[in-house]
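Residue numbers (our numbering), protein chains in the order written: chain A, 1 to 693; chain B, 1001 to 1693.
This is the structure in structure tokens:
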């Protein structure tokens, strides 16, 4: 049951897709001050609070303070209060159990036992917001009810599950040819290469620098021959440059955000001074979305939208203020106060919330200050792209994801978790963030594997990829100036080759489970506590996840560890992978286990009476043979094992779960025999272990 | 056996105290390029590398790159390559097992399998260095041989083991009275309060701001009545101010470091422009060290030396360069390049290694560029203080510790681990760093409990103090502008009161074990792998430590965890503490355990046939009753338990381990009965559990 409460005159966010009548009575559970948004709830000692999608810290958010304020945060230290997305969904699990969605386009603060360990306090200056309370029996049913409220998650093409390579700094077509060549030479799978900001002419959207890409069409086609896609970046800011088409059209049609004097607002990003398209305006969304055609006409099939919080290096006013301050102190004895103030002046010009009050949107005849709708900007940019691409080819799935987001955007694209660092702690953060994102509808997600900022190490890359092979978006991305981290850069690249080939074997399972999660409003990555809700130990295990219906993973995320503890809420089949990715099987009992793993070893775990389907190895989804599967499972009682397996052509928008194939494995005399309704599907290897009953 | 190899003309560091002849043959184990320091060693897959004292990451340093370059690092992210100290000691544990000390006053780089996972490479531009190779059978014997080489560690007074309160921002005497009062009111133990930079007049060393401290002597005496000490900070930089005594004396006697034109070098720190005393010069050390008398004359008994890397906010040249750059771009379209460069220009002026080439020392008639001796500066400042205090009162132990250090300084004072943050990750870093510091001789150590930078939380403070009660330096310290974190600031301060009272009960044990570690060159905090060297699991357990001879601890360091795994290399007695600090006992078997702990619960573990001595509870060491002890132990075979217990008056320098008291507990019929050679020592409670044999 979902209850809706409306206050003031909320700005329409299109976050929800169900039409629900507002309740007249007061909000349950909370003390509520209606002057602004101000909700207070008493936290019992053992109450867990889940949700908040893209945010720092653990799966259980208890004990810290979070602001939903889409922010270009360059360094993800553990004290971070905001990241790129605003995902105002909480799930309270104590004596009370309910979901809570604050649909509000402005900043909202979630004090989850930070100021007072026993109080949850949700506040905002906003007087305009809608609150949804989701009441269901279990954590899983609350999630599915909430996800039903906000609508079906974005489904990418199957190739988006391939291994993707990115780095800020690829500058010319020869870089891309070289990357393909090096992967080929070392037999490392490769699905796509990302084009970061340097492919553009002076960082102008929908341009290609001809001097560095003299025949872009040929590059696209040459890579297509190897099954490899190029995925260009699109930034929110449009360069101010006479005769640049996008700029000129935007100016002519008043498509840009304006300043207080109704002139196009000037901010600075990569190209220096830019204007921001007014994505809050439906006409602007339509205009900008269709510009993607410039690239799809070359054969491009995927995009990532960036800098759409929007990131601001500086505004004209902000820059002037900083220089004025520096001028005021430059001839004094610069001591403690001035030193800190000088740094703050320069560092504070970027992404300064003051600037959000300096520009405005035109929405249905009204002028709305940016601050009021800040959290929707990236969402609306990606909606613009999605709707544009739909027009360009209505029957085709494009890869599309964004840095900034708000709940609702999950219907239009995925997200990556932004500028993390090559820190072991960020591998763990990646693990913990995935289920929280799933709760908020974001299924196509991943972190920059190996870490974006700072220098990665071989061992970190190994451990991160051992987890990354399970994330729908599996992309290696790194920042300009950091150590090169394409997999061929490491002397032991052979291990990566084997590991990625296994990723391709996993794709049939991952893809099938992804589509089910999207269509059935379930979690692709689930915390143990959501599945094993009666297990009091499961609740504190945040470093193991369920992946789809059959798998549990327990990633290794500590440098120089030679093993880890794994908790099994029930008996499971462990598949252990050695350095050669050779599998060995062992049924492990319910309970605690310490498992030793050297650096190039890891394991996964299959739940009882579930099936893991593995496809055929490939270096690219285009090469994949979908006619046969390997089946692995663990029967706790010699009963048949079943799995609903979904597959399709991987690219058209026509997705029907009813076409799923029921796979059944039964014990016949000494052997386990698999059958399915699809006569074309062969089962080449069936490994079913059973416990000693 | 220690082998010494000398190259070039090493600058004398006084790090070692033994006079050893240099070996003529070449260095064992390593490939050695003698153009500069350049050592290469092949790392096997399972080789562990320990050491490096104050540095980021784990106890095993394998896989990362470290520079020994004393640095004022404001944010301890996991990619940090340098911290405040230069501790060039490594311990290699593989097929080869040996210790390695690079005695070199210049920057040294330790690439421990970072560039190539299978190579240890130690490099420096220096041509002048001494290498010591320590060859012994075990990790423990290598440590003790190395510590014998570098001389006995600093021993603080006993009161330095009390609970200490600090914060940057205490400004006047009323702040200090208030802190005392609030601890008293809530019955929270308190031993000392730190005076951070604001007690001084304009941040001038050896001054007190009379307007905010109108009668400093009275403040000291008033606090002394409650047994509470004041511990002022002393900074390295001396303010340039006419008629300020220290400045005038320094100028008159040419006691300051000079620039290329032989004028006193100008850098800026808290007071703005300062000169740096030339601590490399023995005469300057003598002069500065005796200045501490200004404060000891008021009754001050402890000091912390800060900013002695030396920290530099900016140099005149650096500031000019930054402003020149800003002037060059201010009227252009500031794009990607300029934005980053602008930030770098301002942020890079602080602690810029370029400045280390801009000033010089006068050492025995020679002019030496600072870069050459950079890593010794903080060491020599603290040596200056120690030698000065010895002159002021030769028979008294003063509390003294430093931010910057080099091996050798461990004889003169302790260190705190600098400006950490209120991150759970920094609690874990604190745990892992302690044994590494001990290896390098630094025994009196601790981190800023609760975290210095960023805002702490109640749960973090609880968990951090549950570990902090075991660190010799137990200080709560935080930065200006962060959330107040004195223990009385939290609504649940009652728990802290109980926890700290237990710290005071631990002091007899901690003090006794500390003195033994200092006198016998052993580890106060030991990794499990050093004690249980045959246990292949112990090597990968970095989140449990041995504390002294009898205890093992397994701190909780994850937010919202409700328990943790603990590995017992042998059967042990667990003492579990509940919210009320009530103890329950349980003998746990060797092996893996999952133990549940709610937030205000934790445990410690006693090794078989060892004794934990607990003293009487107190709110201050001055109140402690040393006439009786409680004994807790676990007898694995009903044999007597023994412990060598050291105690003394806690303040005079006269320390003789031979006065230790042998305590023996034997089973007599049904009871365990304790005896000791000291008739004045009573045993009020004896709890000995034994396993079922």
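Just so you know, even glycine gets a beta-carbon here, dropped at the ideal spot from N, CA and C.
Predicted model only: the values in this text are computed from it and were never measured.
For the pair residue 651 of chain A and residue 304 of chain A, the CB atoms are not nearer than the 9 Å cut-off. Setting aside the 5 residues that flank it on each side, residue 1576 of chain B is surrounded in the same chain by 1584 and 1603, each with a C-beta closer than 6 Å to its C-beta; the list follows chain order. Chain-order list of chain A residues neighbouring residue 1334 of chain B: 268, 272, 313, 314 and 319, by C-beta distance under 8 Å. Not a single CB atom of chain B sits nearer than 9 Å to the CB of residue 44 of chain A. Here the C-alpha atom of residue 130 of chain A lies approximately 38 Å from the C-alpha atom of residue 1463 of chain B. Taking residue 1531 of chain B as reference, the option from B/1138, B/1210, B/1484 and B/1233 with the minimal CA-CA separation is B/1138. Not one beta carbon of chain A lies nearer than 9 Å to the beta carbon of residue 1140 of chain B. Around residue 457 of chain A, the beta-carbon contacts reaching into chain B at under 7 Å are 1063, 1064 and 1114. Three or more beta-carbon pairs separated by less than 8 Å are not found between the segment 324–337 of chain A and the segment 278–290 of chain A, which leaves the two stretches without contact. The C-alpha of residue 1313 of chain B lies about 27 Å from the C-alpha of residue 1335 of chain B. At a cut-off of 9 Å between C-beta atoms, residue 78 of chain A counts as an interface residue with respect to chain B. Contact fails between the segment 509–528 of chain A and the segment 592–601 of chain A, because fewer than three Cβ pairs, one in each stretch, are under 8 Å apart. Residue 360 of chain A is not a Cβ neighbour of residue 269 of chain A, given a cutoff of 9 Å. Distance from the CA atom of residue 1207 of chain B to the CA atom of residue 1199 of chain B, rounded to whole angstroms, is 8 Å. In the three-state DSSP reduction, residue 1457 of chain B falls in the coil class, being neither helix nor strand. Residue 93 of chain A: member of the beta strand (DSSP E) spanning 89–93, first to last residue. Residue 1586 of chain B carries a strand assignment under DSSP once its states are collapsed to helix, strand and coil. Within the segment 164–192 of chain A, contact with chain B at the beta-carbon level (separation under 8 Å) is assigned to no residue.
When rounded, the separation of the alpha-carbon atoms in residue 459 of chain A and residue 1117 of chain B is 8 Å.
A buried status is given to residue 1572 of chain B, since no fewer than 16 other beta-carbon atoms sit within 10 Å of its beta-carbon. Under a criterion of Cβ atoms nearer than 8 Å, the residues of chain A adjacent to residue 1326 of chain B are, in order, 323 and 326. Taking residue 1579 of chain B as the centre and dropping the five residues before and after it, the same chain places the C-beta of 1495, 1600 and 1601 closer than 7 Å to its C-beta, in chain order.
When DSSP reads this structure, residue 362 of chain A sits in a beta bridge with A/367.
Looking from the CA of residue 38 of chain A, the closest CA among A/45, A/29 and A/44 belongs to A/29. For residue 228 of chain A, the closest C-alpha among the options A/676, A/480, A/373 and A/622 is that of A/622.
Taking 7 Å as the cut-off between beta carbons, none of the residues of the segment 348–364 of chain A comes near chain B. Just so you know, the alpha carbons of residue 1133 of chain B and residue 478 of chain A end up roughly 39 Å apart.
For the alpha helix (DSSP H) assignment, the uninterrupted runs of no fewer than 4 residues enclosed by the segment 1363–1428 of chain B are, from N- to C-terminal side, 1370–1373 and 1377–1392. Looking only at A/86, A/550 and A/179, the smallest Cα-Cα distance to residue 101 of chain A is reached by A/86. Using a CB distance below 9 Å, the part of the segment 1411–1440 of chain B facing chain A consists of 1421, 1422, 1423, 1424, 1425 and 1426, ordered along the chain. By the Cβ test, the segment 1104–1118 of chain B is not in contact with the segment 1138–1151 of chain B, since fewer than three Cβ pairs between them sit closer than 8 Å. Listed along chain A are 559 and 560, each with a C-beta nearer than 7 Å to that of residue 1058 of chain B. In the structure shown, the three-state DSSP call for residue 164 of chain A is strand.
In terms of beta-carbon proximity, residue 237 of chain A stays away from the interface with chain B, with every pair separated by 9 Å or more.
Contact with chain A is found for residue 1542 of chain B, since one of that chain's Cβ atoms lies less than 9 Å from the residue's Cβ. Taking 8 Å as the upper bound for CB-CB distance, residue 1191 of chain B and residue 1164 of chain B are in contact here, some 6 Å apart.
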